[in-house]
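Taking it in order: structure first as structure tokens, then the write-up.
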DNA sequence: ATGAAAGCGCTAACAT
DNA sequence: ATGTTAGCGCTTTCAT
């Protein structure tokens, strides 16, 4: 084959500069080039080092990560699989992941499974084939059979937010029971104890389970009764207005709505506005997750804040420790980290009334 | 080396199943395995094919994409570099990119340069080293010296939204002049012709330039005068309230604000609220970009919508065509695609008054 | 219809 | 201090 003009443009096609080209230019062996790049092992004379550095610069050489990864069985790539990138909460998480990974020299491969199990499986397979060093995953709906195989193979995975039953894994969660309790306490304190709850379908998703369960628990603790018909579970595609309407047509009416999801909160607010119901005069609303817009909507939203950035940061740190531990053939003990939510008080529950 | 128990778990360490393992299990050559995987070339007897398929399944084999990519000089990976993932506009774009790429069998490597030139350069270098087949980039602030080298090497790149001067490239843009004209027409029609403009720093960013220039142009066309002190340029870290205050303290006051960025709009709205200025009674506001929250803020925002999803989709399609063209050693003619914005009328400009 | 072998670009023993 | 060489796991030419 035409082993020669490798480093020339072939009819306008991109040239690829390889380590060999650098070696030739610097008049050293490729090993030497490799060594100065990774400033590895044995001392190298300042002279040759400089020669190599010059050659690299002149040729604008960039090592082929595929070759390097193939050889080293390590890619410095971390796969991040998120269930729903549209939700700004996850972008905050992502920022935490990004920062922690950048510090440690890892790049990210981010995929969006859009709460679809099939997408998630395809994405994970892609990660595996691309030989990522580890995976951070916010599981989508449904139980993914691949999780089991990953975990039992001791592959570095950290789960985010949603617990995966039966698996002993690293998981970063936010204390949902506490979050809900914060919310209900606040409402009760404001004499808004006739509380309705809105949630997207539970579908076995742990935070959703915990928020609804936590709701019952918190209500009970306050000696309050839970009106089952005030627990509204609805699909993302469903018309929220119908449920809100239904809620307001009962014999008795709630004086507060606890929305367990930030996107859902927007839907509820719109329905309320359409129906001419005033917030917070007629009904209070308390949301989950702080967002860019929380304080700008009308009225400014009282909400449970989750430490999203921190969550991402911790997940990445944990994963990287996991990866290192595997590299050094040490044992790894999975752990669950529970972060604390907090309450941001604004005006949507009638605080200023 | 212990070439044997390759496919066994080494003290809990993940096993790697290779093509060789499959070949052995199916009692064929690795070539044959490769062939059935890629159902390539020569016919293979149904018998052997089935044997191989079985072996693959039993071993849960997944080909190593690094090795494959190294050999084929092709990764089926597309790098996406965005200037600001926090802005929901870009997530919509991303969705379009995702859909188009998935259809064509490409995976994405998404990075967030956070409007920082250094990050952007590092991210691009990472793309190159990882041998992505092409890059979609929304340039961050500043001129990136790498662009030149990419483009002149005929490397498949598509630019999004921001034009890169002097380079003959594929670029997908939205017609900013038209967008601004839509906005100003609307305002004038509502007798809100004393218009102030808010923008983030121009910094040579083409859509910002065009929106401000377009503003002047549109005003002139309506025979309106541009009050220079009403053109407010401010940094993301700056306190927006000061500028709003300043605006309201002049001898003459605007009756409308045209905000050229969706994040900025939230800031302005907050400042206005803090200052006790009513929207739209005292002043109207018209924003750029439609978002999830646009209709939920108070009052519902009248805004210029950009076809974000379409933008992403077109960019990806264009890039993939570029890649294919290179693979087939055909000539490629870069083009600029100009998409159309539209006006979404709600209540923030006093439409209902 | 199937297989042997070269080689993609790199790193890491193992020389010297 | 530097070089030689054997792979990493795959695809692809060339044999058979």
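Residue numbers (this note's numbering), protein chains in the order written: chain A, 1 to 353; chain B, 1 to 353.
Positions of the beta carbon are idealized from the N, C-alpha and C atoms, including for glycine.
These figures come from a predicted structure and were not determined experimentally.
Which word fits residue i, buried or exposed, when buried means at least 16 other C-beta atoms lie within 10 angstroms of its C-beta?
| i | result |
| --- | --- |
| residue 162 of chain B | buried |
| residue 136 of chain A | buried |
| residue 242 of chain A | exposed |
| residue 113 of chain B | buried |
| residue 139 of chain B | buried |
| residue 50 of chain A | exposed |
| residue 311 of chain A | buried |
| residue 191 of chain A | exposed |
| residue 299 of chain A | buried |
| residue 296 of chain A | buried |
| residue 46 of chain A | exposed |
| residue 289 of chain A | buried |
Would you say residue i faces chain A, with C-beta separation under 8 Å as the test?
| i | result |
| --- | --- |
| residue 131 of chain B | yes |
| residue 118 of chain B | no |
| residue 219 of chain B | no |
| residue 249 of chain B | no |
| residue 341 of chain B | no |
| residue 109 of chain B | yes |
| residue 74 of chain B | no |
| residue 67 of chain B | yes |
| residue 232 of chain B | no |
| residue 334 of chain B | no |
| residue 126 of chain B | yes |
| residue 310 of chain B | no |
| residue 270 of chain B | yes |
Ordered along the chain, which non-local residues of its own chain (more than five positions away) have a Cβ less than 6 Å from that of residue i?
| i | result |
| --- | --- |
| residue 184 of chain A | 218 |
| residue 150 of chain B | 157 |
| residue 196 of chain B | 230, 247, 254, 257 |
| residue 93 of chain A | 308, 311, 312 |
Going by DSSP in three states, residue i sits in which element: helix, strand or coil?
| i | result |
| --- | --- |
| residue 303 of chain B | strand |
| residue 170 of chain B | strand |
| residue 158 of chain B | strand |
| residue 336 of chain A | strand |
| residue 352 of chain B | coil |
| residue 212 of chain A | helix |
| residue 143 of chain B | coil |
| residue 81 of chain B | strand |
| residue 268 of chain A | helix |
| residue 297 of chain B | strand |
| residue 251 of chain A | coil |
| residue 176 of chain B | helix |
| residue 163 of chain A | coil |
| residue 188 of chain B | helix |
| residue 104 of chain A | coil |
Would you say the beta carbon of residue i comes nearer than 7 Å to a heavy atom of the ligand SAH?
| i | result |
| --- | --- |
| residue 189 of chain B | Ligands displayed in this structure: none; no statement on the ligand SAH is therefore possible. |
I'd like to know whether the C-beta of residue i is nearer than 8 Å to at least one C-beta of chain B.
| i | result |
| --- | --- |
| residue 293 of chain A | yes |
| residue 296 of chain A | yes |
| residue 86 of chain A | yes |
| residue 276 of chain A | no |
| residue 62 of chain A | yes |
| residue 40 of chain A | no |
| residue 112 of chain A | yes |
| residue 98 of chain A | yes |
Looking only at its own chain, which residues have a Cβ that is under 7 Å from the Cβ of residue i, when we skip the five neighbours before and after it?
| i | result |
| --- | --- |
| residue 48 of chain A | 28, 32 |
| residue 147 of chain A | 164, 167 |
| residue 341 of chain B | 174, 175, 178, 179, 182, 304, 305, 306 |
| residue 214 of chain A | 176, 177, 180, 181 |
Just curious, the beta strand (DSSP E) that residue i is in, first and last residue?
| i | result |
| --- | --- |
| residue 284 of chain B | 284–288 |
| residue 260 of chain A | Counting along the chain, residue 260 of chain A falls outside any beta strand (DSSP E), and DSSP gives it neither H nor E. |
| residue 73 of chain B | Here residue 73 of chain B belongs to no beta strand (DSSP E), and DSSP marks it neither H nor E. |
| residue 111 of chain A | 107–112 |
| residue 308 of chain B | No beta strand (DSSP E) contains residue 308 of chain B, which is instead part of the alpha helix (DSSP H) from 308–327. |
| residue 342 of chain A | 342–344 |
| residue 134 of chain B | 134–137 |
First and last residue of the alpha helix (DSSP H) that includes residue i?
| i | result |
| --- | --- |
| residue 20 of chain B | 19–26 |
| residue 233 of chain B | Looking at the DSSP string, residue 233 of chain B is not in any alpha helix (DSSP H); the run it does join, the beta strand (DSSP E), is 231–233. |
| residue 199 of chain A | Note, residue 199 of chain A: premise wrong, no alpha helix (DSSP H); beta strand (DSSP E) at 195–199. |
| residue 30 of chain B | 30–37 |
Please return the same chain residues whose Cβ sits closer than 8 Å to the Cβ of residue i, not counting the five positions on each side in sequence.
| i | result |
| --- | --- |
| residue 107 of chain A | 76, 77, 78, 101 |
| residue 349 of chain B | 186, 187, 190, 192, 256, 280, 284, 285, 286, 302 |
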